[in-house]
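**Q** If you use my numbering, the sequence shown closes out at 361, no skipped numbers anywhere.
For each residue, glycine too, the CB sits at the ideal point set by N, CA and C.
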Amino acid sequence: MLLDFYQGKRVFVTGHTGFKGSWLCAILVKAGAVVTGYSLEPPTTPSLFKLSGIEQQIHSVIGDVRDYASMKKAFDEAQPEIVLHLAAQPIVRDSYERPAYTYETNVMGTVNILECIRNSRCVKSFLNVTTDKVYLNKEWEWGYRENEELDGYDPYSNSKSCSELVTHSYKRSFFSDNSVAISTARAGNVIGGGDFSVDRIIPDCIRATVDGIDIIVRNPYSTRPYQHVLEPLFAYLMIAAMQYRDAKYQGCYNVGPDDKDCFETGEVVNLFVRHWGEGLKWIEKYDGGPHEANFLKLDCSKLKKTFGWSPRWDLDKAIEKTVEWSKCWLSGGDILECIHQQIDDFIRTGGCEKNE
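1. Report all residues from its chain with a CB closer than 7 Å to the CB of Cys30; omit the five preceding and five following residues, and keep chain order.
2. Taking the beta carbon of Asn124 as the centre, do at least 16 other beta carbons fall within 10 Å, making it buried, or is it exposed?
3. Count the C-beta pairs between the region 70-78 and the region 231-238 that are closer than 8 Å, then say yes if the count reaches three, no if not.
4. Might you give, ordered along the chain, the residues of its own chain that have their beta carbon closer than 7 Å to the beta carbon of Arg212, omitting 5 neighbours on each side?
5. Specify the secondary structure class of Gln347 as computed by DSSP and reduced to three states.
6. Please name the residue in Gln255, Asn259 and Gly355 whose C-alpha comes closest to that of Lys309.
7. Tell me which residues share the same chain as Asn183 and place their Cβ nearer than 8 Å to its Cβ, disregarding the 5 neighbours each side in the sequence.
8. Buried or exposed, going by whether 16 or more other CB atoms sit within 10 Å of the CB of Pro85?
9. Do Thr135 and Glu4 count as a contact pair if the criterion is CB distance below 8 Å?
10. Consult DSSP for Ile340 and reduce its assignment to one of helix, strand or coil.
11. What is the DSSP secondary structure of Lys359, reduced to helix, strand or coil?
12. I'd like the span of the beta strand (DSSP E) that includes His364, first residue to last.
13. Using only the alpha-carbon positions, how far apart do Ile187 and Ile196 sit?
14. How long is the line joining the alpha carbons of Gln12 and Ala38, rounded to whole angstroms?
15. In terms of DSSP beta bridges, what is Cys267 paired with?
16. Rounded to whole angstroms, what's the CA-CA distance from Met6 to Met243? Just pull it up for me.
17. Using the C-alpha atoms, what's the distance from Gln248 back to Gly282?
18. Given a cut-off of 8 Å on the beta-carbon distance, is the pair Asp319 and Lys265 in contact?
19. When we look at the beta-carbon of Trp147 and count the other beta-carbons within 10 Å, is it buried (16 or more) or exposed?
20. Per DSSP, what kind of secondary structure is Ser52 in: helix, strand or coil?
21. By the three-class DSSP mapping on this structure, what secondary structure does Thr41 have?
22. Kindly give me the distance between the Cβ atoms of Leu238 and Lys25, rounded to whole angstroms, as I take these residues to be in contact under 8 Å.
23. If I measure Cβ to Cβ from Trp267 and keep anything under 8 Å in the same chain, skipping five residues before and after, which residues do I get?
24. Enumerate, from N- to C-terminal direction, the unbroken beta strand (DSSP E) stretches of 3 or more residues contained entirely within the region 134-220.
25. Whose C-beta lies closer than 8 Å to the C-beta of Glu329 among residues of the same chain, with five residues either side of it excluded?
26. Nearer than 7 Å: is that true of the beta carbon of Met113 relative to any heavy atom of the ligand ATP?
27. Among the candidates Thr110, Pro95, Asp219 and Ile288, whose CA atom is the shortest distance from the CA of Asp204?
28. Helix, strand or coil for Thr19, going by three-state DSSP, please let me know.
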């Protein structure tokens, strides 16, 4: 039912060449949406965007979200009904090395897409995708709720907190009449096939297997919520669709796994090793990196209560599917077919969502 909603809808996706953006475009194409993507070139080589061939199935515009004129041109040509803002500089370590660029991309990029929407009449639904790291992290044991204080620690997290504040300000200042329904979605760590990012644990594991070396784990005791990439993407699509139909659904939403899928990094690697097989092992080796939170998880009660939503795949299944995709890629298999199969598997798993 959710995919039926998107059939024929004009959707504008920023950050479409990234890992999450590529998966999102694949879902939207499968649903029959008319998709325009606006983003820089893929951030990694190889990239899921190129491997999947999704570039040939959408209108892909290569551009910088910091460049308002370029974005506005692509936006006006697309005349979107729905806008999904995923473009970001998403790596914590990179934000320490390039803080100004991080703020320019994550804050001014948000301003620019909201300016495109403010100066148009076509958009009915806007979703800004941020992160679970927007919260002031107090290292407590319970999950953060949407009404908790925003104050990310590092430049990446803080810039996404700022992106949230920008969105809230535009909503109050320019869209208080609900002419455009606006929400933000704060998701935790995602895993899945085709993530080639640096400084992320599962891509690091896959690179180690390809190179035939031990997996290096910097901090095996840090606890994070992990979910398959399809979990938040279907939640984003659900939020955007529901607020399109009724603005009462707009707001801020945490999107994360259940408590049982908040794992220490070392345990996550153990699951990967078990699913991959072939005698893999990992070693602990702290490399003196920048500050990272030791404990972080989300309370997703609002999303569950509002939409009847619940996660579909637990972490074990998420890693199984990531390994499945990775082995397809390494064996020269059909990447797009594998993506479509996993989307179908995810849909068949079922879930309780208010998407009729």
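**A** Checking against the coordinates, here is how it stands:
1. Val18, His21, Val40, Gly42, Ile59 and Ile63
2. exposed
3. no
4. none
5. helix
6. Asn259
7. Ala252 and Gln255
8. buried
9. Here the chain comprises residues numbered 6 to 361, so residue 4 is not present and cannot be evaluated.
10. helix
11. Its pLDDT being 47, under 50, Lys359 is placed unreliably by the model, and the measurement read from it follows with that caveat. Three-state DSSP puts Lys359 in coil, outside helix and strand.
12. The structure shown does not extend to residue 364, since the chain is modelled only from 6 through 361, so no value can be given for it.
13. 26 Å
14. 5 Å
15. Pro230
16. 10 Å
17. 44 Å
18. yes
19. exposed
20. coil
21. strand
22. 7 Å
23. Per the sequence shown, residue 267 should be read as Cys rather than Trp. Excluding positions up to five away in sequence, the list reads Thr228, Arg229, Pro230, Tyr231 and Lys302.
24. 186-192 and 194-196
25. Gly198, Cys343 and Gln347
26. Annotation note on the ligand ATP: not contained in the displayed structure, which lists no ligands.
27. Pro95
28. strand
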